[in-house]
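As given, the protein sequences belong to chains A and B, one line each in that order. Going by the numbering used here, the first residue of the first sequence is number 605, and it counts up by one from there. Going by the numbering used here, the first residue of the second sequence is number 24, and it counts up by one from there. Note that the Cβ used here is the ideal one computed from N, Cα and C, for glycine as well. Notes to accompany the following structure.
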Amino acid sequence: MVTLALIRDTFREALARKIFWVLFGLSTLLIVFFLFLLRIDIVAGATATVSLFGRQGPPDANTDRLVRGVYGGIATFLYTWGMFLAVFASAGLVPSVLEPGRIELLLSKPLSRTHILLGRFAGNVLVVLLNSAYLVLGVWTILGVKTGIWSPGFLIAIATTTFIFAVLLAVVVLIGVTLESAAAATMITVALMIISPILAQTSLMMRLLSSEWSRNLWRVLYYALPKVYELGKMTLDAIQSRTFAGFAPIWSSALFGAVMLSAALAIFARRDF
Amino acid sequence: MESEYAIETQDLTKVYISQWKRRQVRAIDGVSLRVRPGAIFGLLGPNGAGKTTFVKTLLSAVRPTRGNALIFGRDASEPEARRPIGYLPENHRFPTYFTGAGMLDFYAALSGIEASRRKKLIPEQLELVGLGEWATMRIGKYSKGMLQRLGLAQALIHSPTILILDEPTDGVDPVGRRQIREILGRFEERGVTIFVNSHLLAEVETLCREVAILDKGKVALSGKMQDLTAGKGYRLTVAQPPEALTEELRGRASSMAVRDGLVDFQFSSRELANGAVDLLRAERCEIEALAPTTSTLEEVFVRTVQK
Numbered sequence: 605m606v607t608l609a610l611i612r613d614t615f616r617e618a619l620a621r622k623i624f625w626v627l628f629g630l631s632t633l634l635i636v637f638f639l640f641l642l643r644i645d646i647v648a649g650a651t652a653t654v655s656l657f658g659r660q661g662p663p664d665a666n667t668d669r670l671v672r673g674v675y676g677g678i679a680t681f682l683y684t685w686g687m688f689l690a691v692f693a694s695a696g697l698v699p700s701v702l703e704p705g706r707i708e709l710l711l712s713k714p715l716s717r718t719h720i721l722l723g724r725f726a727g728n729v730l731v732v733l734l735n736s737a738y739l740v741l742g743v744w745t746i747l748g749v750k751t752g753i754w755s756p757g758f759l760i761a762i763a764t765t766t767f768i769f770a771v772l773l774a775v776v777v778l779i780g781v782t783l784e785s786a787a788a789a790t791m792i793t794v795a796l797m798i799i800s801p802i803l804a805q806t807s808l809m810m811r812l813l814s815s816e817w818s819r820n821l822w823r824v825l826y827y828a829l830p831k832v833y834e835l836g837k838m839t840l841d842a843i844q845s846r847t848f849a850g851f852a853p854i855w856s857s858a859l860f861g862a863v864m865l866s867a868a869l870a871i872f873a874r875r876d877f
Numbered sequence: 024m025e026s027e028y029a030i031e032t033q034d035l036t037k038v039y040i041s042q043w044k045r046r047q048v049r050a051i052d053g054v055s056l057r058v059r060p061g062a063i064f065g066l067l068g069p070n071g072a073g074k075t076t077f078v079k080t081l082l083s084a085v086r087p088t089r090g091n092a093l094i095f096g097r098d099a100s101e102p103e104a105r106r107p108i109g110y111l112p113e114n115h116r117f118p119t120y121f122t123g124a125g126m127l128d129f130y131a132a133l134s135g136i137e138a139s140r141r142k143k144l145i146p147e148q149l150e151l152v153g154l155g156e157w158a159t160m161r162i163g164k165y166s167k168g169m170l171q172r173l174g175l176a177q178a179l180i181h182s183p184t185i186l187i188l189d190e191p192t193d194g195v196d197p198v199g200r201r202q203i204r205e206i207l208g209r210f211e212e213r214g215v216t217i218f219v220n221s222h223l224l225a226e227v228e229t230l231c232r233e234v235a236i237l238d239k240g241k242v243a244l245s246g247k248m249q250d251l252t253a254g255k256g257y258r259l260t261v262a263q264p265p266e267a268l269t270e271e272l273r274g275r276a277s278s279m280a281v282r283d284g285l286v287d288f289q290f291s292s293r294e295l296a297n298g299a300v301d302l303l304r305a306e307r308c309e310i311e312a313l314a315p316t317t318s319t320l321e322e323v324f325v326r327t328v329q330k
């Protein structure tokens with residue numbers, strides 16, 4: 605009951621912040637786009653015509669490829685703009701709960717500090733899970749009905765998007781409890797997202813870097829930081845039914861998130877308010 | 024573990040260390056206080072005396088450097104120890120996305136009240152603090168006094184046995200203050216322990232039966248209100264005494280005040296008051312009133328913190 609109340613409170617606050625409605629509105633726009641504006645005529649399993657805004661485009665010989673291409677585009681949207689907006693919207697949710705006059709009241713209730721912070725974390729993750737599920741399931745259903753192709757690989761985007769958001773949110777929470785700054789939390793988390801595709805070029809950098817020291821530093825950063833880029837690539841591979849190298853990006857990112865969240869809980873448990 | 028005290032602190036000390044460990048601030052220093060169940064206890068002190076830090080240690084929002092704070096014998100850092108507490112913070116910042124009813128629902132849920140009971144309790148509590156018609160209005164639209172009353176409803180909704188109120192009448196108009204006093208009176212009758220932290224001395228004097236004055240982080244004075252404010256002297260009120268006699272009495276009195284053609288002389292002993300009466304009657308002056316007086320809490324407070 606207490607956990608549910610904390611999650612509901614996070615939901616209320618998230619809804620009160622307009623940016624979550626922006627995220628929801630963008631998802632709805634994409635769904636509406638596929639529902640009304642994209643027309644695909646299929647003859648004998650292949651795309652006969654594709655029309656957009658009423659104008660006919662060149663037919664694609666392979667409907668399956670077209671659908672997977674759309675899924676890839678949506679997943680990329682979720683990974684870039686969607687993730688950025690989610691981080692931006694969530695960054696203020698932890699510092700806001702630590703405001704003087706609010707945190708003392710929460711701490712006066714018969715619940716542990718760990719419970720308070722985890723409740724907020726879970727609520728935040730749930731908001732993004734619902735938003736991702738809304739967009740992915742909406743597009744998947746519409747394209748499935750229009751094309752008859754039901755590719756379950758796309759649904760993995762819900763899990764991967766939510767997972768990597770949870771990992772990044774752990775950073776947001778840690779920065780939130782230490783610095784109480786939404787701006788700092790956003791900057792550091794977005795920096796992690798930006799640095800991820802750069803760090804992913806490990807084999808190239810091992811050849812380019814001249815000293816062993818700098819190569820080791822690169823390796824440490826690569827293995828320690830969350831693999832936002834690799835997880836995005838894994839999602840695209842799953843959509844395209846391609847094989848992927850391994851699960852290391854998942855467990856190493858999960859480990860990073862767990863360490864960040866544990867550090868945040870430990871700091872929060874010891875802080876004076 | 025049962026305890027004979029609702030609130031008990033032993034050698035409670037909090038030292039804040041600045042970020043670079045160059046400076047230490049001793050916010051409270053060896054504070055030992057005991058509050059009996061059912062007492063109405065006032066905590067007073069000048070700004071920076073450590074009152075807020077003391078209250079926060081009772082709620083475990085601040086971890087003591089030394090000593091401990093017990094609620095009915097349990098360490099305040101245990102979540103279960105805080106279950107009997109209803110708390111109204113000073114300078115509260117309730118989230119503005121709540122409606123009045125929504126806010127009560129949230130905090131009541133955190134206090135462990137089941138949904139069905141919350142549904143029944145919320146309208147009752149809103150009525151109790153005079154906000155029944157504002158239940159569905161977002162609290163961003165509430166005035167400061169209304170927020171204060173809503174905060175009080177929040178503190179009361181789970182039927183606490185200890186109420187910790189930080190400046191409970193701050194920002195509330197005189198009618199609202201009286202209403203809050205009446206509500207607290209009802210809770211006193213039910214045996215609820217009420218711990219008030221306030222800088223409004225008159226308010227504390229009206230409300231509390233026991234007080235402690237904190238100064239520079241230490242307990243400078245504590246005791247029952249009637250004991251602390253008793254034994255001051257006598258006030259003699261005279262109608263238009265002759266000027267020479269007024270000067271004579273001014274020399275004997277500890278203070279003198281003129282109001283609406285009457286003069287109030289304050290004497291520190293019965294002998295001095297009787298001597299003044301003899302002088303006035305000899306001059307055939309009209310004595311309006313003679314009454315024993317007690318110290319006001321303000322006088323006690325000023326004497327204590329100026330020592």
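Item                                                                                                                      : Value
Val606/A: contacting residues in chain B (beta-carbon distance under 8 Å)                                                 : Ala132, Leu133, Gly135
Within chain A, the residues that Lys79/B reaches when beta carbons sit closer than 9 Å                                   : Glu708, Leu711, Asp876, Phe877
Proximal residues to Ala104/B (C-beta, below 7 Å), its chain only, five neighbours per side dropped                       : Ile94, Arg97, Asp98
Three-state secondary structure assigned by DSSP to Pro315/B                                                              : strand
Pro191/B burial status per 10 Å Cβ neighbour count (16 or more: buried)                                                   : buried
Ile825/A versus Leu803/A - alpha carbon distance                                                                          : Per the sequence presented here, residue 825/A reads as Leu, with Ile not at that position. Each residue's alpha carbon lies about 7 Å from the other.
Cβ pair Leu679/A, Leu840/A closer than 8 Å                                                                                : Going by the sequence as given, residue 679/A is Ala instead of Leu. Result yes, Cβ atoms of Ala679/A and Leu840/A sit closer than 8 Å.
Cβ-based burial, Lys74/B [other Cβ within 10 Å; buried from 16]                                                           : buried
Nearest residue (CA-CA) to Ile843/A, options Thr806/A, Leu759/A, Phe769/A                                                 : Leu759/A
Under the three-state DSSP convention, the category Met797/A falls into                                                   : helix
Where the beta strand (DSSP E) through Gly90/B begins and ends                                                            : 89-94
Residue-level contact to chain A via CB, Phe129/B, 8 Å cutoff                                                             : yes
C-alpha distance - Lys79/B paired with Gly742/A, whole-angstrom precision                                                 : 49 Å
Interface flag, Leu151/B vs chain A, CB-CB below 8 Å                                                                      : no
Short CB-CB distance (under 8 Å) between Ala609/A and chain B                                                             : yes
Amino acids of chain B, ordered along the chain, whose beta-carbon sits closer than 8 Å to that of Pro704/A               : Asn114, Arg116
For Phe624/A and Ser866/A, the rounded distance between their alpha carbons                                               : 27 Å
Start-to-end residues for the beta strand (DSSP E) that takes in Arg282/B                                                 : 278-282
Pairwise C-alpha distance: Ala849/A and Ala828/A                                                                          : 18 Å
Burial state of Tyr683/A (16 or more Cβ within 10 Å)                                                                      : buried
8 Å Cβ cutoff, Tyr165/B in contact with chain A                                                                           : no
Beta-carbon proximity of Phe851/A to Leu773/A, cut-off 8 Å                                                                : no
Runs of alpha helix (DSSP H) wholly within the segment 158-223 of chain B (minimum 4 residues, chain order)               : 167-179, 197-212
Spatially closest choice to Val566/A from Val740/A, Phe615/A, Gly696/A, by CA coordinates                                 : For residue 566/A there is no data in the structure shown, the boundaries of chain A being 605 and 877.
Contiguous alpha helix (DSSP H) assignments of at least 4 residues, all confined to the segment 683-749 of chain A        : 687-694, 697-701, 707-711
Element boundaries [alpha helix (DSSP H), containing Gly857/A]                                                            : For the sequence presented, residue 857/A should be read as Ser rather than Gly. Counting along the chain, the alpha helix (DSSP H) containing Ser857/A begins and ends at 852-874.
Residues in the segment 163-187 of chain B having any Cβ partner in chain A nearer than 7 Å                               : none
Close Cβ partners of Ala786/A (< 6 Å) along its chain, the five nearest in sequence each way excluded                     : Ala695, Gly696, Pro699
C-beta atoms of Leu173/B and Leu711/A nearer than 8 Å                                                                     : no
CB contact check: Leu697/A to chain B, cutoff 8 Å                                                                         : no
Local Cβ density within 10 Å of Ser807/A, reported as buried at 16 or more and exposed below that                         : exposed
With 16 other Cβ atoms within 10 Å as the buried cut-off, status of Trp754/A                                              : exposed
Proximity test, Cβ basis, 8 Å: Tyr120/B and chain E                                                                       : Reference to chain E is not applicable here, since the protein chains of this structure are A and B.
The segment 219-235 of chain B touching the segment 257-268 of chain B, judged by at least three CB pairs closer than 8 Å : no
Residues from the segment 53-87 of chain B in contact with chain A, defined by Cβ distance under 7 Å                      : Lys79, Leu82, Ser83, Ala84, Val85, Arg86
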